[in-house]
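Residue numbers (the numbering used here), protein chains in the order written: chain A, 335 to 677; chain B, 335 to 677; chain C, 335 to 677; chain D, 335 to 677. To start, the structure under review is shown below, and the notes come after it.
There are 4 protein chains.
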Amino acid sequence: MSLSIGILGATGYTGAELIRLLHNHRDSRITYCSSRQYNGKRITEVFPFLQGSFDIELEEFDETAIKDRCDVVFSCLPHGTGMDFISRIAGSVRVVDLSADFRIRDLETYRRWYGEHTSVDLMGKAVYGLCEVYRDEIRDARLVANPGCYPTSILLPLIPLLKEGLIEAEGIIADSKSGVSGAGRGLSLKTHICETGESFCAYKVGRAHRHIPEMEQELANAAGTGVNIEFIPHLIPITRGMLSTIYVKALADEATLKDRLRSYYEGSRFVHVLKTDFPSTKDVRGTNNCLMGLAVNGTTSRAVIVSVIDNLTKGASGQAIQNMNLMFGFDESEGIDSLPLFP
Amino acid sequence: MSLSIGILGATGYTGAELIRLLHNHRDSRITYCSSRQYNGKRITEVFPFLQGSFDIELEEFDETAIKDRCDVVFSCLPHGTGMDFISRIAGSVRVVDLSADFRIRDLETYRRWYGEHTSVDLMGKAVYGLCEVYRDEIRDARLVANPGCYPTSILLPLIPLLKEGLIEAEGIIADSKSGVSGAGRGLSLKTHICETGESFCAYKVGRAHRHIPEMEQELANAAGTGVNIEFIPHLIPITRGMLSTIYVKALADEATLKDRLRSYYEGSRFVHVLKTDFPSTKDVRGTNNCLMGLAVNGTTSRAVIVSVIDNLTKGASGQAIQNMNLMFGFDESEGIDSLPLFP
Amino acid sequence: MSLSIGILGATGYTGAELIRLLHNHRDSRITYCSSRQYNGKRITEVFPFLQGSFDIELEEFDETAIKDRCDVVFSCLPHGTGMDFISRIAGSVRVVDLSADFRIRDLETYRRWYGEHTSVDLMGKAVYGLCEVYRDEIRDARLVANPGCYPTSILLPLIPLLKEGLIEAEGIIADSKSGVSGAGRGLSLKTHICETGESFCAYKVGRAHRHIPEMEQELANAAGTGVNIEFIPHLIPITRGMLSTIYVKALADEATLKDRLRSYYEGSRFVHVLKTDFPSTKDVRGTNNCLMGLAVNGTTSRAVIVSVIDNLTKGASGQAIQNMNLMFGFDESEGIDSLPLFP
Amino acid sequence: MSLSIGILGATGYTGAELIRLLHNHRDSRITYCSSRQYNGKRITEVFPFLQGSFDIELEEFDETAIKDRCDVVFSCLPHGTGMDFISRIAGSVRVVDLSADFRIRDLETYRRWYGEHTSVDLMGKAVYGLCEVYRDEIRDARLVANPGCYPTSILLPLIPLLKEGLIEAEGIIADSKSGVSGAGRGLSLKTHICETGESFCAYKVGRAHRHIPEMEQELANAAGTGVNIEFIPHLIPITRGMLSTIYVKALADEATLKDRLRSYYEGSRFVHVLKTDFPSTKDVRGTNNCLMGLAVNGTTSRAVIVSVIDNLTKGASGQAIQNMNLMFGFDESEGIDSLPLFP
């Protein structure tokens, strides 16, 4: 069998990353790509580097075509836009949605942070696609809400520690840094190389970033109690890579914390706790890996955790394929088992 | 009058930065430059870009020559090395030391973090050269200990707030990010462009970085009580620039905190609190400025402060010249009043 | 006396660079800044880093205001747009135009490369502002056409050699590389950090770049015969800096070529021929300098010349101020005598 | 069958790239890695990002171990060093040498550019591993001399055109630009991010770079006459990527040149001529591809060719694996068929 794959919004960065990764996925092929902006063009006109490797005509959204030609669809459309399209195909094909539309379980919370929701029915049926945490639910899901990049880098280290009561649920601070591709292919002064290159800044300081409710939902779930996180994102003048430095009150010593983290991810192909060192974003560039380091400061009893992912891979398209692999019974690492582009 | 200036260790990055800035300082000239490594060469052989602008022969350390030819000496030698040389000239010329040798007032603390101190006498006479805080003491000082780059970016926002009791002294966290020039001109894999370029990492995680005692000394002084800071430095893949994101418990609202910070730095040429925005490192590149933004998160009652400096200018050579200007009665901004290199 | 300066189109990169450089120009002040896009805002809203240093309200183009308040105007408007405004003020104030509108002396050539010209009268009165070559004419000029960045980097080394018949006028190749700020502050995928960062490309390959007629005009003038140049521009993933590698048939040996170049620029503050080395763009970053290296390949009898400038300084706003200094009898290097931002 | 692979000098950048690529090569495994510097350590201590993916103990060179455990050996040792080791194992295992030791067929030429050669016997038996040109010879080779990165980027476009007499063999100029990883993992100011970052320079100007004889040998072979190339390398402040801008006299029109190039590489998996556009280095990052664009300037009758490769992949380790695939009858693209890391 060969799985037939559709991509909605194929010409942005997460779409390009899906195409890159699926190129090395056996037993699947891309049969449909939509693009509002480049509708009617061939994808090699948008991404000339695909010449000689892959080509397909970009189409408008077409419900019938999708049902005829696809087993699974990845939606790379922005939140608020994707849900309408997804609700029209979700009965016929399985869907992995890379936007925030189906990540939040509480309607009121969704409305407060994102605005109106037009597919409330589907909301309840979506599974939050943090693979290492919700593996079983994902296998049976018809609609997976692929996690945000920041939440992925923060939840993977914190969920096991909260579940076992090894850290306090109160006073969690995440100081996160992301490469610019997280801002997408759209044009703004923030993505202009002359403004952002050779510079570094914080943004959305205060309780302002839309990934906060998604993190608090999952942290609360793990802790069994409400959680308020202090979350400040920053922009690194690089294309890919995300590093979160997380400050928490430790309720056990360093060795215990590391041991339990390692146990939780034992057998996991992509999540690793480093022995003594702390990871760099380059250590995971282009891969689906999440690497972590951890130290407890004896003077302050605070644990500092550093986690890194590639925001476009484990933080988006790589995890989306990992979800697809789970949903269709492939080996979990099919197509996404690669070493980082080093140097 | 024209001030005669000597530089010890002139061929590193802080030496080069002193030369760059002093080029536009009226009424002074560089009359002596030492370099162990390049002794006997002309400085245009080390820095070819100086051709046509400045040249001098690099000499070994020479006590007599310094006393004959210099009114003031900047020491760019590493800590532990500089103090011996400084102790031999401090009786004759005024000195600004850019190393950590004379920043710590408590001998035991110095020993614990840095090792043996061989100029204990001078220790007591040095003034900590954080210009906006110790302006009066610096005017009369014969030996100024120029602050570290990380401490400058963290102390400038925190000292006024601690002095007025507007934030808690406990639980301060500083998540700092520095450009690579802070690591100096020495060679290591950490400064190799293929390892550090397009990457981001934390280093010296845990209670490990030697700038910690210097910060805690000054924070305790401002707070009137002992302070333990959680400090994690990171490496940005850029040459110049430092940004500190500081998390503190607020004891007043956002408007009050900003007002008091602004009052404290009123009339100050180099320290500015932004109205609503948060600064980027590029906003101060090549300048002696420190810009700050501040927000209070109503949900957590935590204030987040973002401060930026150029680690080589306000964080090293620019502040050193500011100290010299104070010591010799020049206008405080002479030679260091410039706009950032934007873009 | 204090010179009153106006800037048309003050919120792009050449406008920002003028403001940066004029900050250190004694005896002048900026009294008028226009901006179509930001009309009515204060310039600190556009460039927050100016807070505490400089502020002015951005205005629409206003002929009367300019005549009342300015002695000299820099026009940073794009070619084709600026000429109409300039023609309305050129009778009252002196003008340095940073666009291409008045660089070409032959109307037909202008039309072929740029389209219609609406100020043909003024065309004949403009002086080409390559300062080291046309110093005398510039002193008396009322309208100076500031050279393009690529032409500046190519003409400075070639004009002296062609004038003395030391190289062939035929077969000149210039392989030039520019930082991205040359493309301006406008938004496009070419300036998106994720597309251009960590990449390198050629553009306008073939006889396609609009700087070609300007170069050929000046090269022909120096050679006394028509010149066709092969010119290929490339994009370096850096903000500032331009390097041209120029291939010419040598008619004399290396020592002679270097000697004559040095003689031509003797006494020149900004143009320097390196002894043995070849310059990097960083050697001139932020300065008005042009550095050159030269070697003759004995096997091919070809001279290879490498020249570097900062495209925004000597390649635009720095040279514009140098022109103003000549026009108003200031020291030629007033405000633009600085060392590069190294590292 | 599973091919057993050894790597000499596994801890440099070409070694790391071999490990990265072979990770996705079916039917082969790495059984031996040597490192003088890290002998006795595990490779995850040198490259922590391999944790969880690959590990092996680094050994000294050991002739017996290699013969016992390897079918093929890649030598990543520097020229002059590798040949002694290779001569001791070449009788027992097949070898791909990534250094220059066996690329030059003429002993005198080797001596003039590189110094003494200690394995003259083997010299005559080595095949030059430019896969698309010497495919048949490589299949039967026991020792392949993997081409240099610059030669690969220049020979692939020029050999077909010279063979068919479509361009002149005289007056060829190659202006090449390389990412810094080409300089290797060794430490020097040239690889220091603060010196090379945000900068651009030429190096080895004049007839100075050691890749020249290798290029001239192969160009002469294709042209049937001696060739002197003008070759100037430059350093791009990026890690990976190489772009050559090549200037030649065209003896046919643009369409003909492109057609013939396309015919020559028809069926080739890795070499592609773009339709109208010109490639960026990012279009091939991390891949074994070579993309080309070509234009003829009607005014000068000169063809300008732009070719791009990843210097570590097609320019080194990727082509080395392509050679291995040919030598052992694998599909030519096994393990190296991937899309570029975009963005």
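Where a beta carbon is used, it is the ideal one built from N, C-alpha and C, also for glycine.
> Under 8 Å between C-beta atoms, does C:Gly518 make it to chain B?
Replying inline: Translated into positions along the third sequence, residue 518 of chain C becomes position 184. At a cut-off of 8 Å between beta-carbon atoms, C:Gly518 makes no contact with chain B.
> Any beta-carbon of chain A closer than 8 Å to the one on B:Ile472?
Replying inline: For the purposes of this step, residue 472 of chain B is identified with residue 138 of the second sequence, where counting begins at 1. Interface annotation, B:Ile472: not in contact with chain A, CB-CB separation never under 8 Å.
> My guess is that C:Pro547 and C:Thr443 are in contact by the Cβ rule of under 8 Å, so how many angstroms apart are they, rounded?
Replying inline: Along the third sequence, read from residue 1 onward, the residue named residue 547 of chain C stands at position 213. Along the third sequence, read from residue 1 onward, the residue named residue 443 of chain C stands at position 109. Indeed they touch by this definition, with Cβ atoms about 5 Å apart.
> How many Å lie between D:Leu569 and D:Thr525 at the Cα?
Replying inline: Residue mapping note: residue 569 of chain D aligns to position 235 of the fourth sequence, counting from 1. Residue mapping note: residue 525 of chain D aligns to position 191 of the fourth sequence, counting from 1. Each residue's alpha carbon lies about 10 Å from the other.
> Would you say A:Asp665 reaches chain B, if we count a Cβ-Cβ gap shorter than 8 Å as a contact?
Replying inline: By one-based count along the first sequence, residue 665 of chain A stands at place 331. Answer no: the Cβ-Cβ gap between A:Asp665 and chain B never drops below 8 Å.
>> For A:Asp455, report the span of its alpha helix (DSSP H) as first-last.
In response: One-based indexing of the first sequence puts residue 455 of chain A at position 121. Where A:Asp455 is concerned, the enclosing alpha helix (DSSP H) stretches over 454 to 457.
>> Measuring alpha carbon to alpha carbon, tell me which residue in B:Ala508, B:Arg594, B:Ile643 is nearest A:Thr579.
In response: Walking along the first sequence from the start, residue 579 of chain A turns up at place 245. The option with the nearest alpha carbon to A:Thr579 is B:Ala508.
> At least one CB of chain D closer than 8 Å to the CB of C:Ala629: is that the case?
Replying inline: Translated into positions along the third sequence, residue 629 of chain C becomes position 295. Yes, contact with chain D.
> Quick one: what's D:Asp431 bridged to in DSSP?
Replying inline: Here the question's residue 431 of chain D lines up with position 97 in the fourth sequence. DSSP lists D:Ser409, D:Ala479 as the beta-bridge partner residues of D:Asp431.
> Under three-state DSSP, which class holds B:Asp587?
Replying inline: Locating residue 587 of chain B in the second sequence gives position 253, counting from the first residue. Coil, per DSSP.
>> Which residues in chain B have a C-beta closer than 7 Å to the C-beta of A:Asp509? List them in chain order.
In response: By one-based count along the first sequence, residue 509 of chain A stands at place 175. Residues of chain B with a Cβ closer than 7 Å to the Cβ of A:Asp509 are, in chain order, Asp509, Thr579.
> Per DSSP, which one or two residues make a beta bridge with C:Ala629?
Replying inline: For the purposes of this step, residue 629 of chain C is taken as the residue at position 295 of the third sequence. DSSP lists C:Val638 as partners of C:Ala629.
>> Is there a C-beta anywhere in chain B that falls below 8 Å from the one on D:Tyr537?
In response: Working through the fourth sequence from its first residue, we reach residue 537 of chain D at position 203. Cβ-Cβ to chain B under 8 Å: no for D:Tyr537.
>> What are the residues in the segment 351 to 385 of chain A lying within 8 Å of chain C by C-beta distance?
In response: Taking 8 Å as the Cβ-Cβ cut-off, the segment 351 to 385 of chain A has no residue approaching chain C.
>> Let me check understanding here. Comparing Cα to Cα, which of C:Cys465, C:His359, C:Gly414 lies closest to C:Tyr598?
In response: As a first step, residue 598 of chain C is located in the third sequence; it is residue number 264 there, counting from the start. For the residues C:Cys465, C:His359, C:Gly414, the minimum Cα distance to C:Tyr598 belongs to C:Cys465.
> Among the residues of its own chain, which have a CB less than 8 Å from the CB of B:Leu660, if the five just before and after it don't count?
Replying inline: Mapped onto the second sequence, residue 660 of chain B falls at position 326. Closer than 8 Å at Cβ, skipping near neighbours: Cys465, Arg469, Ile472, Arg473, Glu666.
>> Alpha carbons only, please: which of A:Gly575, A:Ala542, A:Arg574, A:Ile572 is nearest the one belonging to A:Ile563?
In response: Translated into positions along the first sequence, residue 563 of chain A becomes position 229. Answer by Cα proximity: A:Ala542.
> Looking only at its own chain, which residues have a Cβ that is under 7 Å from the Cβ of D:Leu585, when we skip the five neighbours before and after it?
Replying inline: Counting from one through the fourth sequence, the residue named residue 585 of chain D turns up at place 251. So the qualifying residues of the chain are Gly499, Leu500, Ile501, Glu502.
> By a C-beta neighbour count over all protein chains shown, 10 Å radius and 16 as the cutoff for buried, is B:Ser522 buried or exposed?
Replying inline: Within the second sequence, numbered from 1, the residue matching residue 522 of chain B stands at position 188. Answer is exposed; the Cβ neighbour count stays below 16.
>> Looking at the strands, I want to know which residues DSSP matches up with C:Arg376.
In response: The residue given as residue 376 of chain C occupies position 42 in the third sequence. C:Arg376 pairs with C:Glu391.
> Could you check where the alpha helix (DSSP H) with A:Ile438 kicks off and where it finishes?
Replying inline: Here the question's residue 438 of chain A lines up with position 104 in the first sequence. It is not in any alpha helix (DSSP H) - A:Ile438 carries neither H nor E in the DSSP assignment.
> Are the beta-carbon atoms of A:Ile400 and A:Tyr366 separated by less than 8 Å?
Replying inline: For the purposes of this step, residue 400 of chain A is identified with residue 66 of the first sequence, where counting begins at 1. For the purposes of this step, residue 366 of chain A is identified with residue 32 of the first sequence, where counting begins at 1. In this structure, A:Tyr366 lies closer than 8 Å to A:Ile400 by Cβ.
>> The beta strand (DSSP E) that contains C:Glu564, what's its start and end?
In response: For the purposes of this step, residue 564 of chain C is taken as the residue at position 230 of the third sequence. Looking at the DSSP string, the run of the beta strand (DSSP E) that includes C:Glu564 is 564 to 569.
>> Residues of chain C with CB closer than 9 Å to the CB of A:Ser651, please, in chain order.
In response: For this step, residue 651 of chain A is matched to residue 317 along the first sequence. Under the 9 Å cutoff, chain C gives no residues; its nearest Cβ is about 15 Å from A:Ser651.
>> By the DSSP assignment, the alpha helix (DSSP H) with C:Cys465 in it spans what residues?
In response: By one-based count along the third sequence, residue 465 of chain C stands at place 131. Bounds of the alpha helix (DSSP H) holding C:Cys465 are 465 to 474.
>> Using a Cβ-Cβ cutoff of less than 6 Å, which residues in the same chain neighbour B:Val640 once the five nearest sequence positions on both sides are dropped?
In response: Looking up residue 640 of chain B in the second sequence gives position 306. Cβ-Cβ distances below 6 Å link B:Val640 to Thr579, Phe612, Gly627 in the same chain, with the five nearest sequence neighbours on each side left out; the list follows chain order.
>> Relative to the C-alpha of D:His413, which candidate in D:Lys375, D:Gly343, D:Ala536 has its C-alpha closest?
In response: As a first step, residue 413 of chain D is located in the fourth sequence; it is residue number 79 there, counting from the start. Looking only at D:Lys375, D:Gly343, D:Ala536, the smallest Cα-Cα distance to D:His413 is reached by D:Gly343.
>> Checking the sheet assignment: what are the DSSP bridge partners for D:Ala508?
In response: Working through the fourth sequence from its first residue, we reach residue 508 of chain D at position 174. According to the DSSP secondary-structure assignment, D:Ala508 is paired through a beta bridge with D:Phe565, D:Ile580.
> Are the segment 475 to 494 of chain A and the segment 442 to 462 of chain A touching, with three or more C-beta to C-beta distances below 8 Å?
Replying inline: Contact between the segment 475 to 494 of chain A and the segment 442 to 462 of chain A is present: 3 or more CB-CB pairs across the two stretches fall below 8 Å.
>> Using only the alpha-carbon positions, how far apart do B:Asp418 and B:Thr345 sit?
In response: On the second sequence, position 84 is the one that residue 418 of chain B refers to. On the second sequence, position 11 is the one that residue 345 of chain B refers to. Taking the Cα positions, B:Asp418 is about 19 Å away from B:Thr345.
> Where does D:Cys624 fall in DSSP's three states?
Replying inline: Taking the fourth sequence and counting its residues from 1, the one referred to as residue 624 of chain D is at position 290. Three-state DSSP puts D:Cys624 in a strand.
>> Here's a check: name, in chain order, each residue in its chain whose Cβ is nearer than 6 Å to the Cβ of D:Pro485, leaving out the five neighbours to either side.
In response: Reading the fourth sequence from its first residue, position 151 is the one you call residue 485 of chain D. For D:Pro485, the CB contacts under 6 Å within the same chain, skipping 5 residues up- and downstream, are His545, Glu548, Met549 in chain order.
>> In whole angstroms, give me the CA-to-CA distance for D:Ser635 and D:Ile506.
In response: For the purposes of this step, residue 635 of chain D is taken as the residue at position 301 of the fourth sequence. For the purposes of this step, residue 506 of chain D is taken as the residue at position 172 of the fourth sequence. So the two alpha carbons sit approximately 13 Å from each other.
> Cβ of B:Ile670 within 8 Å of Cβ of B:Asn622?
Replying inline: By one-based count along the second sequence, residue 670 of chain B stands at place 336. By one-based count along the second sequence, residue 622 of chain B stands at place 288. Yes, these two residues count as a Cβ contact at 8 Å.
>> Please return the same chain residues whose Cβ sits closer than 6 Å to the Cβ of B:Ser368, not counting the five positions on each side in sequence.
In response: For this step, residue 368 of chain B is matched to residue 34 along the second sequence. So the qualifying residues of the chain are Leu342, Glu393, Phe395.
> Which residues in the same chain have their Cβ closer than 6 Å to the Cβ of C:Ser602, if we skip the five residues on either side of it in sequence?
Replying inline: If you number the third sequence from 1, residue 602 of chain C lands on position 268. For C:Ser602, where only same-chain residues beyond five positions count, the Cβ hits under 6 Å are Glu466.
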